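Okay, structure first, notes after.
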Amino acid sequence: MPNPTLIEHILKSQPHEAHGELSRILARLSLAGRMIAQRILNAGFLGEHGEAGSVNVQGEEQQKLDVLANEIFKRVFETLPSVNALGSEECEEIMYYPDSDRRGKYIVLFDPLDGSGNIDINGSLGSIFSVHRRRGGEGRAELGDFLQPGSRQVAAGYILYGPATVFVYTVPGQTGVNAFTLDRSVGEFFLTHRDILIPEGKGSYSVNESNEPKWTEEVRNLVASFRRGEATVGKRSARYTGALVADFHRTLLKGGIFLYPPLKDRPRGKLRYLYEASPLAMVAENAGGAASDGSLRLLDLEPRELHERCPLYIGSKADVEYAVSKLRET
Ligand code: P6P
Numbered sequence: 080m081p082n083p084t085l086i087e088h089i090l091k092s093q094p095h096e097a098h099g100e101l102s103r104i105l106a107r108l109s110l111a112g113r114m115i116a117q118r119i120l121n122a123g124f125l126g127e128h129g130e131a132g133s134v135n136v137q138g139e140e141q142q143k144l145d146v147l148a149n150e151i152f153k154r155v156f157e158t159l160p161s162v163n164a165l166g167s168e169e170c171e172e173i174m175y176y177p178d179s180d181r182r183g184k185y186i187v188l189f190d191p192l193d194g195s196g197n198i199d200i201n202g203s204l205g206s207i208f209s210v211h212r213r214r215g216g217e218g219r220a221e222l223g224d225f226l227q228p229g230s231r232q233v234a235a236g237y238i239l240y241g242p243a244t245v246f247v248y249t250v251p252g253q254t255g256v257n258a259f260t261l262d263r264s265v266g267e268f269f270l271t272h273r274d275i276l277i278p279e280g281k282g283s284y285s286v287n288e289s290n291e292p293k294w295t296e297e298v299r300n301l302v303a304s305f306r307r308g309e310a311t312v313g314k315r316s317a318r319y320t321g322a323l324v325a326d327f328h329r330t331l332l333k334g335g336i337f338l339y340p341p342l343k344d345r346p347r348g349k350l351r352y353l354y355e356a357s358p359l360a361m362v363a364e365n366a367g368g369a370a371s372d373g374s375l376r377l378l379d380l381e382p383r384e385l386h387e388r389c390p391l392y393i394g395s396k397a398d399v400e401y402a403v404s405k406l407r408e409t
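Yeah, the sequence shown ends on 409 if you go by our numbering, and it's all consecutive.
Shown next as structure tokens:
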């Protein structure tokens, strides 16, 4: 008997009184993941590698697959009126549908294709998603509906496009963290990692050490303690792929910590709160781990703009707590 499919798991987990709207959103997210996985697989010989010739709101050169992935996310929710509007790393403003003024109470934020630098080298990539309910009000969603702390997410997760395609999600109060692996031969995600808990006391530290000249003294001391095997939480190997989803997924399954600290030229770091750090922080906490911006619980941050950035320390609870305490040392 094959393992449960993602859809079966979603339906089994939804509360009896639910109308199924959130379940349909999760199902559409899995559809987006399957569609993007297929485009990545074929990009090389369909001429879909390389730059799109445009720049996104972050000032980054967009890859053709960035644009394609963004379009796929927009398309999968077109016929799902419960989704009012979208927030994307690739779009400066909120993305509305023509009928957004008559649509429902959910909003979805996403990084459609994270780790684009890995596209042309056949490295791992990911999509990250965050689902919120609007704060209230009628008509089309407003910026205030998007600017919510991560603790208010109703679902969060990611799709990892690696040697295998894996869908990881959590619905706070309903499910833990579960991972589903895509069987391409039938186009279904099957449960492969049930109720994931981040291991403690082992794993890796994951940071781009070439940024050391741009770190504060406290960050340099923290990373040095890991590098020298002097961290009080124990020895950690060094691992870094340059793709947040891949680095986080390894941390989720093997333990340790991923860090993207502030930089002298980027005092709030590089990663974005609403559609990168916040959803991963929800996954980490629901798997028994932790996430911080270096001093505060990451899910408690109150974002002030759609593309707000934040420092990120995420992984095993003891490792994150160690990092926060070490950063406080003068
Ligand atoms: P750096 C990819 O561009 C990304 O947004 C994340 O996926 C990744 O963790 C980070 O940037 C890598 O940044 O500065 O190490 O290249």
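Virtual Cβ for every residue (Gly too), placed ideally from N, Cα, C.
Quantities reported herein were computed from a predicted structural model and do not represent experimental measurements.
Distances from the CB of G196 to the heavy atoms of ligand 1 include at least one below 8 Å. The shortest C-alpha to C-alpha distance from I151 to any of L108, P346, G308 is the one to L108. For V265, the distance from the CB to the nearest heavy atom of ligand 1 is not below 8 Å.
Restricted to the stretch 282 to 368, the alpha helix (DSSP H) segments that are unbroken, complete and at least 4 residues in length are 296 to 306, 323 to 333, 357 to 365, listed in chain order. Taken atom to atom, the span from the alpha-carbon of V245 to that of A258 is near 6 Å.
Relative to ligand 1, the beta carbon of N290 is positioned inside 8 Å of a heavy atom. For D398, the enclosing alpha helix (DSSP H) starts and ends at 396 to 407. Positions of the beta strand (DSSP E) runs, each at least 3 residues long and wholly inside the stretch 107 to 169, are given as 130 to 134, 140 to 142, 162 to 167 in order along the chain. In the three-state reduction of the DSSP assignment, G196 falls in the helix class, which pools H, G and I.
In this structure V233 is in contact with H211, their Cβ atoms being roughly 6 Å apart against a cut-off of 8 Å. When DSSP states are grouped into helix, strand and coil, S102 belongs to the helix group. In this structure A397 does not touch V298 by the C-beta definition: roughly 19 Å separates them, more than the 8 Å allowed.
Annotated three-state conformation of R231 is helix, per DSSP. Three or more Cβ pairs drawn from the stretch 383 to 396 and the stretch 215 to 231 lie within less than 8 Å of each other, which places the two stretches in contact.
Here R273 is exposed, its C-beta having fewer than 16 other C-beta atoms within 10 Å.
Taking R214 as the centre and dropping the five residues before and after it, the same chain places the C-beta of G223, D224, Q227 closer than 8 Å to its C-beta, in chain order.
Rounded to whole angstroms, the gap between the alpha carbons of P191 and N149 is 5 Å. The DSSP-derived three-state label of I207 is strand. When the alpha-carbon of E288 is set against those of F337, C170, G202, L276, the nearest one is in F337. C-alpha of F268 to C-alpha of K91: approximately 15 Å in a straight line.
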